[in-house]
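Chemist: Structure in structure tokens, see below.
Structural data, given as structure tokens:
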């Protein structure tokens with residue numbers, strides 16, 4: 004490991020200057036520059052006054068150009084300043100591969116050693132990370148360790164993780180989970196994020212068969228959720244994955260928003276569009292399903308509205324299996340957009356997913372047993388037009404929180420056994436296993452039933468904003484996978500009860516295939532809208548099917 008060098012200190016009253024024999028030799032560049040200046044001065048003396056003035060101007064221009072190049076070199080990534088900071092981080096214990104890519108995210112922090120924590124249990128799992136309950140061997144404190152996995156240390160994957168760290172360092176609120184440190188090793192290509200430990204998540208509690216939330220309890224949870232979102236939005240942060248499993252609870256009733264892996268910073272000067280492939284499907288707003296790449300705080304407020312309705316109903320309110328089905332459920336409950344919205348929004352998938360007949364809004368009829376104040380807030384948060392959802396601040400001032408029964412204090416909430424979404428999944432798997440075995444446990448005793456709660460489909464790509472080359476490589480791998488299904492092509496059966504096509508498999512050389520090719524020749528594009536791994540327009544067999552062809556697109 005190299006050393007971090009610094010410039011020699013200037014002489015001070017208590018530190019006399021070094022004798023000439025011990026003073027460092029000037030750098031070669033400085034010697035050359037001095038010789039150049041002496042030569043330039045000698046030439047000036049030999050020139051006439053007009054030429055000397057012109058030569059002086061030329062020298063100034065050259066010096067300014069050299070100064071600009073030096074400043075640019077120092078400021079750019081990899082420049083002298085960046086190299087000095089990187090050297091300091093490596094000396095502090097950070098691995099070089101991390102410091103070289105995301106030095107800003109770890110600036111000012113000292114890494115913890117991996118052997119200073121003892122893993123107790125696995126409590127969560129994501130696409131690119133695992134979460135463990137662990138004990139700090141130094142302090143004895145129980146913490147949560149989030150282990151981040153990388154795609155072969157690709158810089159874009161590392162930068163994606165760094166964004167979560169930077170956002171967590173920006174936020175400081177009682178209802179947002181706190182990042183307490185980072186754990187890394189020079190010998191390992193992994194990184195652990197250290198968080199405060201929370202005993203429950205909202206999805207795990209809601210799935211427990213013996214737990215039913217009261218109205219004051221729901222108000223308490225929603226007030227904390229909206230307070231955390233208010234702080235995020237005031238800091239210019241969009242969470243973009245609000246759901247029950249990302250809302251953590253401790254035994255004191257405190258709710259904290261967690262998992263900022265899909266979060267993004269709102270930038271008014273942003274030149275690049277944002278991705279629409281975020282937010283878990285059941286909590287995804289219609290504008291994202293319609294392909295919007297320019298959105299704001301409304302995406303988080305829609306998810307909060309889904310959470311509120313779910314807590315009061317005791318079940319997910321729009322559990323779609325595919326994007327098309329999710330949009331259909333949204334339109335059936337919240338109504339379809341007005342003609343004015345279709346025209347002004349100009350969303351990419353509007354022509355594909357626009358229903359032939361408008362849907363009426365049915366929130367009040369569907370949730371007629373909900374308190375009136377709750378219905379009003381749900382109506383606002385689940386508005387089809389994002390502009391009508393207002394803000395987290397306005398939601399906190401709504402009648403839902405100012406009418407009786409009031410929200411209870413977190414400390415007054417009951418204390419539950421530890422329960423997380425992973426625990427609920429284990430219970431469901433055990434219930435299914437027992438059902439298959441005839442409802443008998445290993446000892447022959449009959450087991451009581453547990454609630455087999457459907458699970459939300461996660462956001463399709465946890466790294467939705469990584470560069471397209473990573474996504475393309477995954478698609479190619481998927482397309483090259485050999486299976487018996489590849490000997491089949493598509494058969495499209497029109498289903499008039501809905502406004503999309505249901506897709507099944509049939510053998511090659513069919514009338515439907517001919518119709519598809521005819522449509523491509525007529526319109527000049529494939530109606531799959533890029534939803535196939537291999538587009539039919541490229542004269543290849545489609546190997547991955549999504550029910551995304553609209554009836555209007557197919558029949559022309």
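In the numbering used here, the protein residues as written are 4 to 559. Just so you know, even glycine gets a beta-carbon here, dropped at the ideal spot from N, CA and C. In this text, all values refer to a predicted model and were calculated from it rather than measured experimentally.
According to DSSP, simplified to helix, strand and coil, what is residue 363?
Modeler: Taking the first residue of the chain shown as position 1, residue 363 is located at position 360. Reduced to three states, the DSSP call for residue 363 is coil.
Chemist: Identify which residue in 223, 128, 120, 132 has its Cα closest to the Cα of residue 184.
Modeler: Reading the chain shown from its first residue, position 181 is the one you call residue 184. Selected option, being the one with the closest Cα: 120.
Chemist: Is residue 281 helix, strand or coil when you go by DSSP?
Modeler: The residue labelled residue 281 in the question sits at position 278 within the chain shown. In this structure, residue 281 counts as coil in the three-state DSSP scheme.
Chemist: Give the single residue among 372, 313, 354 whose Cα lies nearest to the Cα of residue 225.
Modeler: Counted from its first residue, the chain shown places residue 225 at position 222. For the residues 372, 313, 354, the minimum Cα distance to residue 225 belongs to 313.
Chemist: Under the rule that 16 or more other beta-carbon atoms within 10 Å means buried, what is residue 227, buried or exposed?
Modeler: Counted from its first residue, the chain shown places residue 227 at position 224. Counting Cβ neighbours within 10 Å, residue 227 comes out buried, since at least 16 surround it.
Chemist: Count the other C-beta atoms from every protein chain shown that fall within 10 angstroms of the C-beta of residue 415, then say buried if there are 16 or more, exposed otherwise.
Modeler: By one-based count along the chain shown, residue 415 stands at place 412. Exposed, since its Cβ has fewer than 16 Cβ neighbours within 10 Å.
Chemist: Within 10 angstroms of the Cβ of residue 275, are there 16 or more other Cβ atoms? Answer buried if so, exposed if not.
Modeler: Position 272 of the chain shown, counted from the start, is the residue given in the question as residue 275. By the 10 Å Cβ count, residue 275 comes out exposed.
Chemist: Can you tell me the Cα-Cα spacing of residue 391 and residue 157, whole angstroms?
Modeler: The residue labelled residue 391 in the question sits at position 388 within the chain shown. The residue labelled residue 157 in the question sits at position 154 within the chain shown. The straight-line gap from Cα to Cα measures roughly 40 Å.
Chemist: To which residues of the same chain is residue 404 closer than 7 Å at the C-beta, ignoring the five residues directly before and after it?
Modeler: Translated into the one-based positions of the chain shown, residue 404 becomes position 401. These residues qualify, in order along the chain: 222, 226, 410.
Chemist: For a minimum of 3 consecutive residues, which ranges assigned as the beta strand (DSSP E) are wholly contained in the segment 132–207?
Modeler: 132–139, 145–151, 182–187, 194–199
Chemist: From which residue to which residue does the alpha helix (DSSP H) around residue 313 run?
Modeler: The count along the chain shown starts at 1 and reaches residue 313 at position 310. Where residue 313 is concerned, the enclosing alpha helix (DSSP H) starts and stops at 301–316.
Chemist: Report the rounded CA-to-CA distance for residue 293 versus residue 307, giving the unit in angstroms.
Modeler: As a position in the chain shown, residue 293 is number 290, starting the count at 1. As a position in the chain shown, residue 307 is number 304, starting the count at 1. About 19 Å.
Chemist: According to DSSP, simplified to helix, strand and coil, what is residue 121?
Modeler: For the purposes of this step, residue 121 is taken as residue 118 along the chain shown, with counting starting at 1. Residue 121 falls in the strand class under three-state DSSP.
Chemist: Taking the C-alpha atoms as reference points, what is the distance between residue 3 and residue 193?
Modeler: The chain is shown from 4 up to 559; residue 3 falls before or after that span and cannot be answered.
Chemist: Return the bridge partner residues of residue 127 from the DSSP annotation.
Modeler: Counting from one through the chain shown, the residue named residue 127 turns up at place 124. Bridge partners of residue 127: 134.
Chemist: According to DSSP, simplified to helix, strand and coil, what is residue 245?
Modeler: As a position in the chain shown, residue 245 is number 242, starting the count at 1. Three-state result, residue 245: coil.
Chemist: Using 7 Å as the cut-off, classify the Cβ of residue 159 as near or not near the heavy atoms of the ligand NAP, replying yes or no.
Modeler: As presented, the structure is devoid of all ligands, the ligand NAP included, so that no description of it is given.
Chemist: Ends of the beta strand (DSSP E) at residue 355?
Modeler: What you label residue 355 is simply residue 352 of the chain shown in a count that begins at 1. It is not in any beta strand (DSSP E) - residue 355 instead sits in the alpha helix (DSSP H) that spans 353–356.
Chemist: Of all the options 251, 277, 257, 242, which has the alpha carbon lying nearest to the alpha carbon of residue 283?
Modeler: Counted from its first residue, the chain shown places residue 283 at position 280. The option with the nearest alpha carbon to residue 283 is 242.
Chemist: Compare the Cα-Cα distances from residue 246 to each of 305, 393, 176, 115 and report the closest residue.
Modeler: The residue labelled residue 246 in the question sits at position 243 within the chain shown. It is 305 whose Cα lies nearest to the Cα of residue 246.
Chemist: By DSSP's criteria, residue 259 is part of a beta bridge. Which residues make up the other side?
Modeler: Taking the chain shown and counting its residues from 1, one reaches residue 259 at position 256. 251, per the DSSP bridge assignment.
Chemist: Please report the Cβ distance between residue 361 and residue 288, rounded to the nearest whole angstrom; I am assuming they are in contact, meaning their Cβ atoms lie under 8 Å.
Modeler: Taking the first residue of the chain shown as position 1, residue 361 is located at position 358. Taking the first residue of the chain shown as position 1, residue 288 is located at position 285. Incorrect: roughly 19 Å between the Cβ atoms, too far for contact.
Chemist: Smallest Cα separation from residue 217: which of 385, 164, 139, 315?
Modeler: Position 214 of the chain shown, counted from the first residue, corresponds to residue 217. Out of 385, 164, 139, 315, 315 has the C-alpha closest to the C-alpha of residue 217.
Chemist: Applying the criterion that 16 or more other CB atoms from any shown protein chain within 10 Å of the CB defines a buried residue, is residue 303 buried or exposed?
Modeler: On the chain shown, residue 303 is found 300 positions in, with the first residue counted as 1. Counting Cβ neighbours within 10 Å, residue 303 comes out buried, since at least 16 surround it.
Chemist: For residue 371, count the other beta carbons within 10 Å of its own beta carbon; 16 or more makes it buried, fewer makes it exposed. Which is it?
Modeler: Walking along the chain shown from the start, residue 371 turns up at place 368. Counting Cβ neighbours within 10 Å, residue 371 comes out exposed, since fewer than 16 surround it.
Chemist: Measuring alpha carbon to alpha carbon, tell me which residue in 166, 160, 133, 164 is nearest residue 150.
Modeler: Position 147 of the chain shown, counted from the first residue, corresponds to residue 150. Residue 150 has its Cα closest to that of 133, out of 166, 160, 133, 164.
Chemist: I'd like the span of the alpha helix (DSSP H) that includes residue 226, first residue to last.
Modeler: Counting from 1 along the chain shown, the entry for residue 226 is found at position 223. Taken as a continuous stretch (DSSP letters only), the alpha helix (DSSP H) holding residue 226 covers 218–237.
Chemist: Pull up the distance between the alpha-carbon of residue 335 and that of residue 244, whole angstroms please.
Modeler: Here residue 335 is taken as the residue at index 332 of the chain shown, counted from 1. Here residue 244 is taken as the residue at index 241 of the chain shown, counted from 1. Rounded to the nearest angstrom, the two C-alpha atoms are 23 Å apart.
Chemist: Tell me the rounded alpha-carbon separation between residue 263 and residue 168.
Modeler: Numbered from 1 along the chain shown, position 260 holds the residue referred to as residue 263. Numbered from 1 along the chain shown, position 165 holds the residue referred to as residue 168. Roughly 8 Å between the two C-alpha positions.
Chemist: Does DSSP classify residue 327 as helix, strand or coil?
Modeler: The residue given as residue 327 occupies position 324 in the chain shown. Three-state result, residue 327: helix.
Chemist: Suppose the cutoff is 6 Å on Cβ atoms and the five residues either side in sequence are ignored; what does the same chain contact list for residue 301 look like?
Modeler: By one-based count along the chain shown, residue 301 stands at place 298. Taken in chain order, the residues that qualify are 389, 392.
Chemist: Determine the DSSP secondary structure at residue 400, reduced to helix, strand or coil.
Modeler: Residue mapping note: residue 400 aligns to position 397 of the chain shown, counting from 1. DSSP places residue 400 in coil when its eight states are reduced to three.
Chemist: Would you please state the rounded distance, in angstroms, between the beta carbons of residue 265 and residue 281? I believe it to be under 8 Å.
Modeler: Your numbering for residue 265 matches position 262 in the chain shown. Your numbering for residue 281 matches position 278 in the chain shown. The Cβ separation is near 5 Å, so the contact holds.
Chemist: Taking all protein chains shown into account, decide if residue 413 is buried (16 or more other Cβ within 10 angstroms of its Cβ) or exposed.
Modeler: Numbered from its first residue, the chain shown carries residue 413 at position 410. By the 10 Å Cβ count, residue 413 comes out buried.
Chemist: If you check the beta carbons only, do residue 122 and residue 137 fall under 8 Å apart?
Modeler: Working through the chain shown from its first residue, we reach residue 122 at position 119. Working through the chain shown from its first residue, we reach residue 137 at position 134. Yes, these two residues count as a Cβ contact at 8 Å.
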